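Colleague: One structure, pasted below without further comment.
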Amino acid sequence: MTRSELDLAIAWAAQEGWSPGFHDADSYYKADPNGFLMGYLGDEPIACISVIKYDDSFGFLGFYIVKPTYRGQGYGMQMWQAGLRYLDACNIGLDGVVEQQENYKKSGFELAYGNIRFAGNTSDFAHANKALTSAETIDLVPLAEIPFPTLDAYDRAFFPAIRSEFTQQWITQKDSHALGVLHDGVLSGYGVIRPTQDGYKIAPLFAETPELAERLFLHLIALVKDDAAIFIDVPNVNKAGMELVKRFDMTPCFETARMYTGNAPELPLSKTFGVTSFEIG
Numbered sequence: 000m001t002r003s004e005l006d007l008a009i010a011w012a013a014q015e016g017w018s019p020g021f022h023d024a025d026s027y028y029k030a031d032p033n034g035f036l037m038g039y040l041g042d043e044p045i046a047c048i049s050v051i052k053y054d055d056s057f058g059f060l061g062f063y064i065v066k067p068t069y070r071g072q073g074y075g076m077q078m079w080q081a082g083l084r085y086l087d088a089c090n091i092g093l094d095g096v097v098e099q100q101e102n103y104k105k106s107g108f109e110l111a112y113g114n115i116r117f118a119g120n121t122s123d124f125a126h127a128n129k130a131l132t133s134a135e136t137i138d139l140v141p142l143a144e145i146p147f148p149t150l151d152a153y154d155r156a157f158f159p160a161i162r163s164e165f166t167q168q169w170i171t172q173k174d175s176h177a178l179g180v181l182h183d184g185v186l187s188g189y190g191v192i193r194p195t196q197d198g199y200k201i202a203p204l205f206a207e208t209p210e211l212a213e214r215l216f217l218h219l220i221a222l223v224k225d226d227a228a229i230f231i232d233v234p235n236v237n238k239a240g241m242e243l244v245k246r247f248d249m250t251p252c253f254e255t256a257r258m259y260t261g262n263a264p265e266l267p268l269s270k271t272f273g274v275t276s277f278e279i280g
């Protein structure tokens, strides 16, 4: 794909109800400009897939869409096969929707754990946010005030490959807010909240402890001035993360399975309270 074709793929994702962010495309393209494929029938674009090759050993598959008119005619399989060829020899990750998980297993993907999207509204957090005092915010700083190499080194533990260019773009995208939390002067978590097609999504949310995660979570939501929907995608194996969203009565509204063709990477899921992206990891 060209960069402009990626805008079309994101529009298709929005039509599927996947709620992409308004400004995600630049960040996604930074991850791997060669990793977005568009299928044409004549002059008409009818299918897409993303196959981000982070390095020679790890890739991530997403944006697997065929326009509704052309489904069931084999075009999706052609896109799938082209994508897998690009990621040949990589351990490939994806977030599979429920109805496709058995098909992914047939292609060699194995279940690692589930991710659940939870929804709420800024009004649900008003009482908690009013209770936040200036003393409680002393360790919370805009990510722009943290040297990027420090943030990049922290993020490295949460992903199977280096993704520095993506991360740098992601934390500075338009209309978003990005916060880090410091404990004894050491970066101990960070989170980003950005506008999407349906509201605002917290992605990612990483923290060393559940208490730090909650502080980040609430402060990010407090930065949203509108009466708006709030979303976060939580790994179901993170017990504290599941308790956090349930404590604020957030409602599950979507579910995926994180699957890999090889062994599941050893990542600190107990510190992963919000997934970065279902599309590119």
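Quick note: the sequence shown uses numbering that gives the first Met the number 0, first residue 0, plus one each step.
By construction, the Cβ of each residue, glycine as well, lies at the ideal position given by its N, Cα and C atoms.
Computed from a predicted model, the values in this text were never measured in an experiment.
#1: Considering Cα atoms alone, identify which of Tyr112, Pro148, Leu222 is closest to Arg257.
#2: Do you know offhand how far Leu217's Cα is from Tyr28's?
#3: Near Gln100, what residues of its chain come up, given a Cβ to Cβ distance below 6 Å and the 5 sequence neighbours on each side ignored?
#4: Can you find the residues in the same chain that come closer than 6 Å, C-beta to C-beta, to Leu211, ignoring five residues on each side of it along the sequence?
#5: Straight-line CA distance for Asn235 to Glu254?
#6: Where do the ends of the alpha helix (DSSP H) carrying Leu243 lie?
#7: Tell me the rounded alpha-carbon separation between Val97 and Arg116.
#8: Indicate the three-state DSSP secondary structure (helix, strand or coil) for Asp226 in the structure shown.
#9: What first and last residue would you give for the alpha helix (DSSP H) that runs through Thr149?
#10: Would you mind giving the Cβ-Cβ distance between Phe272 and Phe205, rounded to the nearest angstrom? I have them listed as a contact below 8 Å.
#11: Could you have a look at Glu98 and say whether DSSP puts it in helix, strand or coil?
#12: Taking the beta carbon of Tyr39 as the centre, do at least 16 other beta carbons fall within 10 Å, making it buried, or is it exposed?
#13: Check the DSSP bridge columns for Pro194 and list the partner residues they point to.
#14: From which residue to which residue does the beta strand (DSSP E) around Tyr112 run?
#15: Using 9 Å as the threshold, is the C-beta distance between Glu278 and Phe124 below it?
#16: Quick check: the Cα distance between Gly75 and Leu83, rounded to an integer number of angstroms?
#17: Go through the segment 35 to 94 residue by residue and report every complete run of the alpha helix (DSSP H) that reaches 4 residues or more, in order.
#18: Quick check on Glu265: buried or exposed, where buried means 16 or more other Cβ atoms within 10 Å of its Cβ?
#19: Going by the beta-carbon positions, is the gap between Val185 and Ser175 smaller than 9 Å?
#20: Where do the ends of the alpha helix (DSSP H) carrying Arg2 lie?
#21: Measuring alpha carbon to alpha carbon, tell me which of Ala88, Ala118, Trp79, His126 ends up nearest Lys105.
#22: So, with DSSP's three-state summary, where would you put Pro209?
#23: With DSSP as the reference, label Ala231 as helix, strand or coil.
#24: Select from Ala177, Phe158, Trp169, Arg155 the residue whose C-alpha is nearest the C-alpha of Glu144.
Modeller: Quick answer:
#1: Tyr112
#2: 30 Å
#3: Ala256
#4: When the five nearest sequence neighbours on each side are left out, the beta carbons in the same chain lying within less than 6 Å of the beta carbon of Leu211 are those of Val180, Ser187, Gly188, in order along the chain.
#5: 10 Å
#6: 238 to 246
#7: 13 Å
#8: coil
#9: 147 to 155
#10: 7 Å
#11: helix
#12: Looking at its Cβ environment, which holds fewer than 16 other Cβ atoms inside 10 Å, Tyr39 is exposed.
#13: Tyr199
#14: 109 to 120
#15: no
#16: Straight-line Cα distance between these residues: approximately 12 Å.
#17: 74 to 85
#18: exposed
#19: no
#20: Run containing Arg2: 2 to 14, per the alpha helix (DSSP H) assignment.
#21: Trp79
#22: Here Pro209 carries a helix assignment [DSSP, helix/strand/coil].
#23: For the record, residue 231 in the displayed sequence is Ile; it is not Ala. Looking at Ile231 - three-state DSSP - the assignment turns out to be strand.
#24: Ala177
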